[in-house]
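Protein chains in written order, with this note's numbering: chain X, 38 to 410; chain U, 380 to 715. We put the beta carbon where it would ideally sit given N, CA and C, even for glycine. Please read these numbers as outputs of a predicted model, since none were measured by experiment.
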């Protein structure tokens, strides 16, 4: 069994290897990797604006990452974060547009509605597994597509669709979770920001409460898993459902609960994205990939909800900075995808890292490998 | 698993092979078999060779102490005890196996307070299905299970545990333990939702750890590390964790299924001691085992199961191996 510290080391080495292989890919494609990485670094840390963009872009990935990580800790493979994300954003948009409520309360209601709908969406997969033994991997994949087309169908609904746009109506301002949105565009706000360069820059992107919510959710999920009877029974079912059943734990009910919680978190990712950034649900021809990226985030975080924050930021940062390579030096975004892919690849193979480490250290291989379990 | 008669036949075959000049290596933890057929015996313990001896020069006790590294007593120490009233009654029970065929076919049995009732039988005669039905893990098709006068047929596992039936499961790694949980977490598998281990849905880590530390000490689980993952323990120590948990629950009825499977002689002695202790406290123990010796040593009464039914119930003091062996093979039923 790999101990905790070892796992963290493996993670960092995997990231390093990922960057090295990414550099090789860049070099082979004819770009200077050092220059490219410099652009990426500056693309994240070069300006307060970039930092806040990185945070904004990472927020949904952190949440879908926690969703996948939570399900994984309880023995389920949630490939459905994508669909749950879509349902969460759709319902949040619907509530954000149609329901009239005071500022703040409106946002909270829209968010909870998105969570609830996505929880039910995830719960379907849990129920199918509990009742009929259908593998959640299959059902969640299919539910992703169902969610996508269902969302498109609803957006095409006359009262909801924005005329001449392939998107829904925008949410009302009362439902927004963007920080200081009205103030930013008011005269006083403009005046103030003109004199405060850093804040002006930092608040330029749609900075919103989503990131804070994601951190709170990470802590909450960590707490549930570690300190509650709910977490105890969910983990028991995840690790060994035969023993859980023997111990008197209701295995089926816990499967459904687990998928519902995972769904709610992924739905929250969609809701915060709508209420804080996009303000609408667009008609999609294919999934945006937040749920799938969440799987990578969970993997990098070793299914630890708190670590999902860092992993989400890393992932979001790489993607955001990678998008700057093309306009500046013409390097394709795919290189970044290769880098991310390699990181995940190495993390998925802790044994390989162990072997590499022991070769580097000149230690005996057998002992190390056996240690990994 | 073989019946005693079949074991004898096997020993006969081995002896005839050696008399023809063949060499046979037999690997077993059954001392009786070694005494029966082996000429020389090499004892290994924890991957190391301890000694090679001429079998006729050593006693079973000496062999056992070499295997375990300390003196072992074979005789299960127990005093006569008058059993009390019926606590668990199984009445005309029918249970299906995984293929949907009847595995338990009209089984009836009464378990009394202060007795160890051994269930002897060859593997695959309905023991597994009976056990699972008794613990709520498998549906009862018809018939009744009565605990303390209360019908507990087809209740959930938790309700059955709460009614006073605890179980040492047949497969400790599949059923008995969550191997990825720590020893402490495993100690509360059935009671995590009760005080003092939790209140209001929050786990009380201190109470859990104190409890686990006490049990690990009392039941001599090695290493004494409650943060150790259960999967990292040896088989004997895993069994001690289960034993500690189930016995500390102090159940009215303890169903021990194959409680010594795969354990060394030392650990077996230890498990038997605790089963007898439960009986002496006036609790009822149902011992399901494929080891006839174990059933005969520990039980007060022996019920023989064959083809999903109890074919006979014998007094352990007067029962002999041959009769039970015949019954186990269905001999008593159709007069084979």
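Worksheet item: In chain U, which residues lie with their C-beta within 8 Å of the C-beta of residue 170/X?
Response: On the first chain, position 133 is the one that residue 170/X refers to. Correct list: empty, because the minimum Cβ distance to chain U is about 14 Å.
Worksheet item: Can you list, in chain order, the residues of the region 585–619 of chain U whose Cβ is nearer than 9 Å to any Cβ on chain X?
Response: 608, 610, 611
Item to complete: Go ahead and pull the three-state DSSP assignment for residue 266/X.
Response: The count along the first chain starts at 1 and reaches residue 266/X at position 229. Of the three classes helix, strand and coil, the one that applies to residue 266/X here is helix, per DSSP.
Practice prompt. Taking 9 Å as the cut-off, decide whether the C-beta atoms of residue 250/X and residue 100/X are in contact.
Written response: Your numbering for residue 250/X matches position 213 in the first chain. Your numbering for residue 100/X matches position 63 in the first chain. Cβ distance < 9 Å, so residue 250/X and residue 100/X count as in contact.
Discussion item. 9 Å is my cut-off, CB to CB: does residue 111/X come that close to chain U?
Written reply: Stepping through the first chain from its first residue, residue 111/X is reached at position 74. When Cβ-Cβ separations below 9 Å define contact, residue 111/X makes no contact with chain U.
Discussion item. So residue 276/X contacts chain U; which residues on that side make the cut at Cβ distance below 9 Å?
Written reply: Translated into positions along the first chain, residue 276/X becomes position 239. Neighbourhood of residue 276/X in chain U, by CB distance below 9 Å: 557, 558, 559, 560, in chain order.
Worksheet item: Quick one: is the Cβ of residue 349/X within less than 8 Å of any heavy atom of the ligand NAP?
Response: Among the ligands in the structure shown, none appear at all, so the ligand NAP cannot be discussed.
Practice prompt. Report all residues from its chain with a CB closer than 6 Å to the CB of residue 152/X; omit the five preceding and five following residues, and keep chain order.
Written response: As a first step, residue 152/X must be located in the first chain, where it is residue number 115. Excluding residues within five positions, the ones whose Cβ falls inside 6 Å are 301, 304, 305.
Worksheet item: Since residue 663/U is in the beta strand (DSSP E), which residue starts that stretch and which ends it?
Response: Taking the second chain and counting its residues from 1, the one referred to as residue 663/U is at position 284. Residue 663/U -> beta strand (DSSP E) spans 663–668.
Discussion item. Using CA atoms only, rank isn't needed, just tell me which of 385/U, 464/U, 447/U, 604/U is closest to residue 631/U.
Written reply: Within the second chain, residue 631/U is the residue found at index 252, counting from 1. Ranking 385/U, 464/U, 447/U, 604/U by Cα distance to residue 631/U puts 464/U first.
Worksheet entry | CB contact below 9 Å: residue 581/U versus chain X | Locating residue 581/U in the second chain gives position 202, counting from the first residue. Chain X, which has a Cβ nearer than 9 Å to the Cβ of residue 581/U, makes this yes.
Practice prompt. Using a Cβ-Cβ cut-off of less than 9 Å, list which residues of the region 259–271 of chain X approach chain U; keep chain order.
Written response: Within the region 259–271 of chain X, 263, 264, 265, 266, 267, 268, 269, 270 place their CB atoms closer than 9 Å to a CB of chain U, listed in sequence order.
Discussion item. Based on DSSP bridge pairs, tell me the residues matched to residue 245/X.
Written reply: Looking up residue 245/X in the first chain gives position 208. Partner(s): 215/X.
Practice prompt. For residue 577/U, return the contacting residues in chain C, with the cut-off set at a CB-CB distance below 9 Å.
Written response: Of the protein chains in this structure, namely X and U, none is chain C.
Item to complete: Mind checking which residues open and close the alpha helix (DSSP H) that includes residue 288/X?
Response: The count along the first chain starts at 1 and reaches residue 288/X at position 251. Unbroken alpha helix (DSSP H) run through residue 288/X: 288–310.
Discussion item. Can you tell me which residues form a DSSP beta bridge with residue 546/U?
Written reply: In the second chain, counting from the first residue as 1, residue 546/U sits at position 167. Its beta-bridge partners are 634/U.
Discussion item. Please identify the residue among 610/U, 390/U, 591/U, 510/U whose C-alpha is closest to the C-alpha of residue 559/U.
Written reply: For the purposes of this step, residue 559/U is identified with residue 180 of the second chain, where counting begins at 1. Residue 610/U is the option with its Cα nearest to residue 559/U.
Practice prompt. Output yes if chain X places a C-beta closer than 9 Å to the C-beta of residue 568/U; else output no.
Written response: Against the second chain, residue 568/U aligns to sequence position 189. So yes, residue 568/U belongs to the interface.
Discussion item. For the region 549–564 of chain U against the region 609–626 of chain U, do three or more pairs of beta-carbon atoms, one drawn from each stretch, fall closer than 8 Å, so that the two count as touching?
Written reply: yes
Worksheet item: Could one say the Cβ of residue 450/U lies closer than 9 Å to chain X's Cβ atoms, at least one of them?
Response: In the second chain, residue 450/U corresponds to position 71, counting from 1. No, residue 450/U lies away from the interface with chain X (no Cβ there is under 9 Å from its Cβ).
Worksheet item: Hey, out of 299/X, 394/X, 353/X, whose CA is closest to residue 173/X's CA?
Response: Against the first chain, residue 173/X aligns to sequence position 136. Taking residue 173/X as reference, the option from 299/X, 394/X, 353/X with the minimal CA-CA separation is 299/X.
Practice prompt. Give, in chain order, every residue of the region 513–538 of chain U whose Cβ lies closer than 9 Å to some Cβ of chain X.
Written response: 514, 515, 516, 535, 536, 537, 538
Worksheet item: Alpha carbon to alpha carbon, how far is residue 361/X from residue 229/X?
Response: To locate residue 361/X, count along the first chain from 1; it is residue 324. To locate residue 229/X, count along the first chain from 1; it is residue 192. Rounded to whole angstroms, residue 361/X to residue 229/X spans 30 Å at the Cα level.
Practice prompt. Measure from the alpha carbon of residue 212/X to the alpha carbon of each residue in 108/X, 121/X, 106/X, 126/X, then state which is nearest.
Written response: Counting from 1 along the first chain, the entry for residue 212/X is found at position 175. The option with the nearest alpha carbon to residue 212/X is 126/X.
Worksheet item: Between the region 281–302 of chain X and chain U, which residues of the former have CB atoms less than 8 Å from a CB of the latter, in chain order?
Response: Listed in sequence order: 281, 282, 283, 284, 285, 286, 287.
Worksheet entry | CB contact check: residue 540/U to chain X, cutoff 9 Å | Walking along the second chain from the start, residue 540/U turns up at place 161. True, the Cβ-Cβ gap to chain X drops below 9 Å.
Discussion item. Here's a check: name, in chain order, each residue in its chain whose Cβ is nearer than 6 Å to the Cβ of residue 404/X, leaving out the five neighbours to either side.
Written reply: For the purposes of this step, residue 404/X is identified with residue 367 of the first chain, where counting begins at 1. The predicted model places residue 404/X with a pLDDT of 42, which falls under 50 and marks its position as unreliable, so this point remains unresolved.
Practice prompt. With a 10 Å radius around its C-beta and 16 neighbouring C-beta atoms as the bar for buried, classify residue 529/U as buried or exposed.
Written response: Counted from its first residue, the second chain places residue 529/U at position 150. So residue 529/U counts as exposed.
Fill in: is_contact[residue 279/X, chain U] using C-beta, thresh 9 Å
Residue numbering aside, residue 279/X sits at position 242 when the first chain is read from its first letter. Yes, its Cβ sits closer than 9 Å to a Cβ of chain U.
Worksheet item: Can you find a C-beta in chain U that's less than 9 Å from the C-beta of residue 1/X?
Response: The first residue shown for chain X is 38 and the last is 410, placing residue 1/X beyond what the model contains.
Discussion item. I want to verify the contact list: residues of chain X whose CB lies under 7 Å from the CB of residue 548/U, in sequence order.
Written reply: Within the second chain, numbered from 1, the residue matching residue 548/U stands at position 169. Neighbours of residue 548/U across chain X, judged by C-beta separation under 7 Å: 283.
Worksheet item: Who are the Cβ neighbours of residue 402/X in its own chain at under 7 Å, not counting the five residues just before and after it?
Response: Locating residue 402/X in the first chain gives position 365, where the first residue counts as 1. Because residue 402/X sits at a pLDDT of 41, beneath the cut-off of 50, its placement in the model cannot be relied upon, and the following sentence gives the value as read from the coordinates. Closer than 7 Å at the Cβ level, and outside the excluded window around residue 402/X, lie 392, 395.
Practice prompt. Just mark residue 194/X as buried or exposed, buried being the case when its beta carbon has 16 or more other beta carbons within 10 Å.
Written response: Your numbering for residue 194/X matches position 157 in the first chain. Residue 194/X comes out exposed.
Worksheet entry | Reference residue 242/X, options 223/X, 315/X, 320/X, 119/X, closest by Cα | The residue given as residue 242/X occupies position 205 in the first chain. Comparing Cα-Cα distances from residue 242/X to each of 223/X, 315/X, 320/X, 119/X, the minimum goes to 315/X.
Item to complete: Determine, using beta carbons only, whether residue 574/U comes closer than 9 Å to chain X.
Response: Translated into positions along the second chain, residue 574/U becomes position 195. Judged by the 9 Å Cβ criterion, residue 574/U is not in contact with chain X.
Discussion item. Short of 6 Å in beta carbon distance, which residues of its chain neighbour residue 457/U, apart from the five on each side in sequence? Order them along the chain.
Written reply: Within the second chain, numbered from 1, the residue matching residue 457/U stands at position 78. Counting only Cβ-Cβ distances below 6 Å, and skipping sequence neighbours, we find 655.
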